[in-house]
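What follows is a set of notes on a single structure, which appears directly below.
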Amino acid sequence: MPAMTRPARRRGYTLLELLCVIAVLVILGAVVLPSLAGMFLDTRVKAGADLAVSHCSDARTYAIEHGRSYQVFASPDGKRLKVGPDESEQVEQSGSSAPVPPFVRETDLPTAVTLVPIITGEDAGTSSNGWVKLVTFKPDGTCREAAAQFELREDGVNPLVVNVRGMTGSVVVNPANSQAGGGTR
Numbered sequence: 084m085p086a087m088t089r090p091a092r093r094r095g096y097t098l099l100e101l102l103c104v105i106a107v108l109v110i111l112g113a114v115v116l117p118s119l120a121g122m123f124l125d126t127r128v129k130a131g132a133d134l135a136v137s138h139c140s141d142a143r144t145y146a147i148e149h150g151r152s153y154q155v156f157a158s159p160d161g162k163r164l165k166v167g168p169d170e171s172e173q174v175e176q177s178g179s180s181a182p183v184p185p186f187v188r189e190t191d192l193p194t195a196v197t198l199v200p201i202i203t204g205e206d207a208g209t210s211s212n213g214w215v216k217l218v219t220f221k222p223d224g225t226c227r228e229a230a231a232q233f234e235l236r237e238d239g240v241n242p243l244v245v246n247v248r249g250m251t252g253s254v255v256v257n258p259a260n261s262q263a264g265g266g267t268r
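Note that my numbering has the sequence shown beginning at 84, numbered continuously upward.
In structure tokens, the structure reads:
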């Protein structure tokens with residue numbers, strides 16, 4: 084009588100085991116994904132606020148260094164920022180040195196982010212070239228306006244408010260629903 088041999092076992096996973104692993108991965112993804120999405124949801128608005136703070140800092144720095152007022156502007160659609168000299172101001176040039184060309188910087192805000200002025204100075208409005216003046220920094224580092232405030236918005240995200248204090252020229256970023264206390268910048 085021939086000896087009975089057991090059939091060779093195949094190595095691998097059963098369909099049931101693969102389905103169980105996939106189910107566990109789907110459940111983990113459903114738990115983790117919403118928290119990850121919430122963590123990265125407002126990055127464009129924060130980047131826009133960083134850009135606005137940077138432009139205000141540049142305008143203040145150039146006003147102090149060059150001895151003339153510099154302004155921060157927003158495009159009429161709120162998608163671009165610009166720093167440039169106050170064109171209404173007469174600049175004194177010394178005869179011995181070559182005139183320093185004014186600093187001008189234009190930057191696009193991140194995609195889907197819009198800047199909306201909330202509080203601007205008494206002479207605010209659209210300039211001759213279509214830009215909306217947000218704030219003017221004087222050569223002593225202060226602002227011409229008592230205060231300036233503008234909001235950065237994106238659909239589905241809590242807006243951020245940029246506050247510029249007139250007496251000091253300091254810039255503070257707060258969530259739109261908070262009071263004007265401390266800031267994140």
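For every residue, glycine included, the Cβ atom is placed at its ideal position computed from N, Cα and C.
Open item on the list: So, at 7 Å on beta carbons, what are the nonlocal neighbours of S158 in its own chain, with the 5 sequence-adjacent residues on each side left out?
Closed with: W214
- [ ] Inspect the beta-carbon positions of S152 and F220 and report whether they are closer than 8 Å.
- [x] yes
Task: Buried/exposed call for N212, threshold 16 Cβ in 10 Å - done: exposed
Task: Per-residue burial, L124 [other beta carbons within 10 Å of its own, 16 or more giving buried] - done: exposed
Task: Pairwise C-alpha distance: V218 and R227 - done: 7 Å
TODO: Rank H149, N260, E237 and V247 by C-alpha distance to the C-alpha of G131 and give the top, closest one.
DONE: E237
Task: Supposed close pair A142, V166 - CB separation, criterion 8 Å - done: 5 Å
Task: Nearest-angstrom Cα separation, counted from L134 out to F186 - done: 17 Å
Task: Endpoints, the beta strand (DSSP E) within which F156 is located - done: Y153 to A157
Open item on the list: Once DSSP output is grouped into helix, strand and coil, what is the label at E100?
Closed with: helix
Open item on the list: On the criterion of 16 or more Cβ atoms from any shown chain inside 10 Å, does D169 qualify as buried, or is it exposed?
Closed with: buried
Open item on the list: One question on the structure: do C128 and V240 come within less than 8 Å of each other, judged by their Cβ atoms?
Closed with: Looking at the sequence itself, residue 128 is Val, so the reference to Cys does not match. Going by C-beta atoms, V128 is nearer than 8 Å to V240.
Task: Neighbour-count burial assignment, Y96, 16 or more Cβ in a 10 Å radius - done: exposed
Open item on the list: Closest to G253 by C-alpha separation, out of C139, I201 and A195, would be which residue?
Closed with: A quick correction: the sequence has Ser, not Gly, at residue 253. When each option's Cα is compared against that of S253, the closest is C139.
- [ ] Below 6 Å CB to CB, which residues in the same chain sit around Y145 once its five sequence neighbours on both sides are set aside?
- [x] Y153 and F186
Task: Limits of the unbroken alpha helix (DSSP H) element including E148 - done: T126 to H149
Task: Between the CA atoms of N257 and T251 - distance to the nearest angstrom - done: 18 Å
Task: Given A230 as reference, the closest of K216, G249 and V245 once Cα atoms are compared - done: G249
Open item on the list: Looking at V136: is its Cβ nearer than 8 Å to the Cβ of V245?
Closed with: yes
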